[in-house]
Every structure is written in C-alpha cells, then in structure tokens.
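See below for the structure under consideration.
Numbering (UniProt numbering), first residue to last: 1 to 301.
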C-alpha cells in the first residue's frame with residue numbers, strides 16, 4: 001500500500017466540561033488531552049459525568065480532533081444496559097440519521113452543521129431517570145475507528161420545602177417535607193446563624209411512583225424559644241438547595257385575629273399566619289413565617 005493510501009490517524013476526544021450542568025458542553029481545544037505516542041492512546045475521557053435535568057435536554061459531548069477532519073466518517077452512539085449495548089442513534093456524517101431503539105425514538109439529535117468542526121455530540125431530549133448510565137461514542141473513518149465513553153447522571157430539583165407547625169402541650173413541633181427530588185436529597189435544620197441544629201429526627205426518604213423522592217424530618221422546640229429555624233433541602237449532585245425559614249419570637253403581647261387564614265390549626269390553637277416569600281440569590285428560596293410562641297399558645301403576628 002502506498003503512503004498516500006494509508007488513512008490518517010484521528011482522535012476522538014471527550015472534552016472536559018467546565019461545570020457538570022446540562023445543555024451544551026464547551027468543545028475547547030485547550031481542554032483536550034494531548035496524544036501520547038508512547039502508549040498509543042488516541043481516546044481519552046476526563047472521568048467527569050455530564051449531568052442532565054429530568055425533563056430537559058442534555059448534550060453528550062464527543063469530538064473528532066484530526067486536522068483536517070475526514071471527509072467521510074460515521075458516528076454511532078450506544079447505551080450500556082448491563083452487559084448489553086443498546087443502539088441509540090447513528091449518523092453517516094452527511095445526510096442520513098438513524099434512531100435504533102424505541103426508548104430513544106423521537107428524542108435523539110445530531111449536529112450535522114458542526115460535523116466539519118468534528119462535533120459529533122449527541123443531543124437527548126426529555127431526559128428521564130432510565131437514561132442515566134454510560135454511553136459510547138464510536139467514530140469510524142475508512143478502516144480506522146475510535147470510541148470514548150460518556151457518563152450521564154440525571155437530577156431533579158424538587159419543590160420548595162413546606163414547614164408544618166404543631167403545638168404539643170408546652171412544646172412546638174416543626175416538620176419539613178418536600179417532594180420531586182432526584183437523587184435522594186439531604187435535609188438540614190438550621191438555626192438563625194445558619195448552623196446545623198442538633199436533635200432533629202432522622203430524615204425519612206420515600207420513593208414516589210415517578211421514581212423521584214420525597215423527604216421529611218421534624219424537630220421539637222421548647223416553650224419560650226426565641227429562634228429562627230430553617231429547613232434546607234440539598235441536591236448533592238447539583239449542589240443546589242431550596243430552603244424555608246420560620247422566625248419564632250417570644251413576647252407578652254397577644255393580638256389574635258390579625259391576618260386570619262381559616263382552616264389552618266395546630267392542636268386547639270388557631271394559627272393566623274402572615275406569609276412572606278423571599279427570593280435570595282438564584283438557588284435558595286425562603287418562606288418566612290413570623291409568629292409569637294407563648295407557652296403552648298401560638299399567635300401569628
């Protein structure tokens with residue numbers, strides 16, 4: 001075979017995402033690891049998973065880094081289900097796009113206008129829990145082929161936590177609950193200084209029919225407390241939290257009937273709440289309730 005007939009070597013590189021969030025991951029040449037002639041390695045992966053939000057769109061990045069890009073090549077994506085490789089989609093690099101497995105039908109997209117730059121990433125719409133796992137990007141040109149693995153993790157940001165207030169004899173019981181989270185979230189009770197409160201019940205995590213999680217926990221406060229209590233739900237995968245806060249202040253003045261909301265009770269004591277929503281930053285949301293605790297009587301002010 002003459003030298004001109006030998007296909008040029010090419011590399012398939014998984015670029016390092018700057019942050020593990022969904023949507024398009026930057027394909028930056030400065031982030032590509034160099035080819036290592038000593039080991040012959042031509043495929044590399046940073047080992048950083050891509051994180052997709054459930055119900056949204058995610059891009060699994062893959063790039064051919066030969067200069068020039070081969071005029072004729074094909075790309076095939078597969079999903080690893082245990083020991084099986086399930087075909088997700090393929091593209092011949094010119095015009096024909098195919099979807100292979102029913103679970104991905106109607107949700108797969110390529111970016112043919114960017115093939116000239118080596119972008120053979122896979123777009124996946126309406127991400128679900130079952131999409132979580134390992135994918136393979138396989139690129140072939142003439143008789144040369146390379147592949148690289150891409151790990152997809154999924155996550156969901158659930159509801160703002162709800163704090164339920166109940167009076168029990170001379171104590172005040174607070175319970176916090178939230179649903180629609182994935183993976184199983186962390187739940188924390190905080191004091192007014194933002195420090196974790198001790199002595200609350202062990203969180204209970206319950207899977208919902210959708211596969212998402214509901215979490216709840218409770219804490220008991222003694223009478224005469226002058227505290228600010230927060231319940232924070234944290235998604236450890238996204239490092240995103242949602243938070244509700246209650247301010248509890250002791251006092252001698254009793255002003256019943258202000259801002260009455262019917263149908264809300266704690267024991268035998270009517271609860272008359274004033275609810276104020278505060279949005280802080282972009283990832284933490286607060287629900288503030290101002291109330292007076294006088295022994296076992298709850299008067300909201």
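Even glycine gets a Cβ: it sits at the ideal position worked out from N, Cα and C.
On the premise that residue j lies in contact with residue i, defined as a C-beta separation below 8 angstroms, what is that separation, rounded to the nearest angstrom?
i: residue 215; j: residue 203; result: 6 angstroms
i: residue 121; j: residue 61; result: 5 angstroms
i: residue 165; j: residue 172; result: 7 angstroms
Using C-beta distances below 6 angstroms, list every residue in its chain close to residue i, excluding the 5 sequence neighbours before and after it, in chain order.
i: residue 106; result: none
i: residue 162; result: 177
i: residue 230; result: 190, 243, 245
i: residue 143; result: none
i: residue 92; result: 74
i: residue 211; result: 129
i: residue 104; result: 88
i: residue 192; result: 228
i: residue 109; result: 123
i: residue 125; result: 57, 107
i: residue 68; result: none
Just to confirm, are residue i and residue j a CB contact at a threshold of 8 angstroms?
i: residue 213; j: residue 220; result: no
i: residue 80; j: residue 123; result: no
i: residue 228; j: residue 197; result: no
i: residue 152; j: residue 49; result: yes
i: residue 54; j: residue 129; result: yes
i: residue 127; j: residue 137; result: no
i: residue 154; j: residue 185; result: no
i: residue 218; j: residue 175; result: yes
i: residue 140; j: residue 73; result: yes
i: residue 157; j: residue 58; result: no
What residue range is occupied by the uninterrupted beta strand (DSSP E) comprising residue i?
i: residue 176; result: 171-181
i: residue 187; result: 186-190
i: residue 55; result: Taken as a continuous stretch (DSSP letters only), residue 55 belongs to no beta strand (DSSP E), as it is neither H nor E.
i: residue 48; result: Taken as a continuous stretch (DSSP letters only), residue 48 belongs to no beta strand (DSSP E), as it is neither H nor E.
i: residue 212; result: Note, residue 212: premise wrong, no beta strand (DSSP E); not H, not E.
i: residue 237; result: That residue, residue 237, is in no beta strand (DSSP E); it is neither H nor E in DSSP.
i: residue 165; result: 162-168
i: residue 70; result: Run containing residue 70: none; DSSP gives neither H nor E here.
i: residue 207; result: 204-207
Tell me which residues share the same chain as residue i and place their Cβ nearer than 8 angstroms to its Cβ, disregarding the 5 neighbours each side in the sequence.
i: residue 183; result: 155, 213, 235, 236, 237
i: residue 85; result: 78, 79, 136
If you drop the 5 nearest sequence neighbours on each side, which residues of the same chain put their C-beta closer than 7 angstroms to that of residue i?
i: residue 101; result: 86, 87, 88
i: residue 200; result: 189, 217, 218, 219
i: residue 222; result: 171
The ligand MG and residue i: does the residue's C-beta get closer than 7 angstroms to at least one heavy atom of that ligand?
i: residue 155; result: Of the ligands one can find in the structure shown there are none, so the ligand MG has no counterpart to examine.
(message) Threshold first: 4 residues or longer. Then list the alpha helix (DSSP H) segments lying entirely within the region 75-144, N to C.
(response) none
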